[in-house]
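This report concerns only the one structure given below.
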Amino acid sequence: MSSRRTLKAAEAVREVVSMAILTELRDPRVRDVTVTHVEVAPDMRSAKVHVSIMGNESRQNLSLAGLRNAAGFLQQRIAARIDTRYTPRLQFVLDQGVKNSIAVARILREVLKAETSSEPSETDADSPLAVDPACRSDEAGGADSDSPPIDRADDPPAPSQPSTAS
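Numbering (the working numbering) for the sequence shown: 262 to 427.
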């Protein structure tokens with residue numbers, strides 16, 4: 262079986278399981294469940310269904326137990342839709358990707374908030390991004406003034422321009 266066929270079967274399983282959970286499954290334990298993706302074995306005998314479940318850990322475990330209970334029902338729905346020799350045996354796995362994404366976004370927001378609320382300190386003037394007043398070309402002592410030139414021997418060389426010839 263080619264990988265293209267396996268991917269196609271995985272997408273069909275994801276579609277059938279998602280719709281069955283949404284419209285047909287009546288288990289009160291199974292709520293706020295999203296099927297993120299499905300991995301089907303090359304022999305089509307098993308499939309890992311990755312699900313994202315909103316709520317705390319006990320709520321997630323309860324929903325997973327409900328899904329495992331409904332595996333036979335969901336396999337019947339798959340068998341009715343997909344014409345293969347074997348109907349894959351479903352294994353439900355909690356997908357932590359969404360939870361991790363939310364945690365990373367929260368951390369980034371906190372870091373950005375901390376950076377924007379902090380006042381510039383005196384050490385910021387020593388940073389390599391600070392503007393040297395002697396380099397400015399305005400009236401207040403720039404390159405056009407009568408001051409002596411600045412020795413830039415210890416500065417790194419400017420990057421060269423890439424050639425555009427092909």
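Ideal placement from N, C-alpha and C gives every residue a C-beta, glycine not left out. Since the model is a prediction, treat every value here as computed from it, not as a measurement.
Classification of residue i by the beta-carbon crowding that lies within 10 angstroms, buried from 16 upward
| i | result |
| --- | --- |
| Ala271 | buried |
| Ser324 | buried |
| Gln321 | buried |
| Ile368 | exposed |
| Arg338 | buried |
| Val365 | exposed |
| Val359 | exposed |
| Val299 | buried |
| Ser264 | exposed |
Supposed close pair residue i, residue j - CB separation, criterion 8 Å
| i | j | result |
| --- | --- | --- |
| Leu335 | Ala302 | That belief does not hold up - the Cβ atoms of Leu335 and Ala302 are roughly 17 Å apart, past 8 Å. |
| Ile258 | Asp293 | In this structure the chain extends from 262 to 427, so residue 258 is not present and cannot be described. |
| Val296 | Leu355 | Not really, about 12 Å apart at Cβ, beyond 8 Å. |
| Arg275 | Gly327 | Not quite, the Cβ-Cβ distance comes to about 18 Å (not below 8 Å), so this is no contact. |
| Arg342 | Val277 | 5 Å |
DSSP bridge partner residues for residue i (one or two, in chain order)
| i | result |
| --- | --- |
| Ile314 | Val294 |
| Arg350 | Ser307 |
| Glu300 | Lys309 |
| Leu355 | Val312 |
The stretch 299-313 in contact with the stretch 334-351 per 3-pair CB rule at 8 Å: yes
Stretch pair the stretch 325-339 + the stretch 282-295: three plus CB contacts closer than 8 Å: yes
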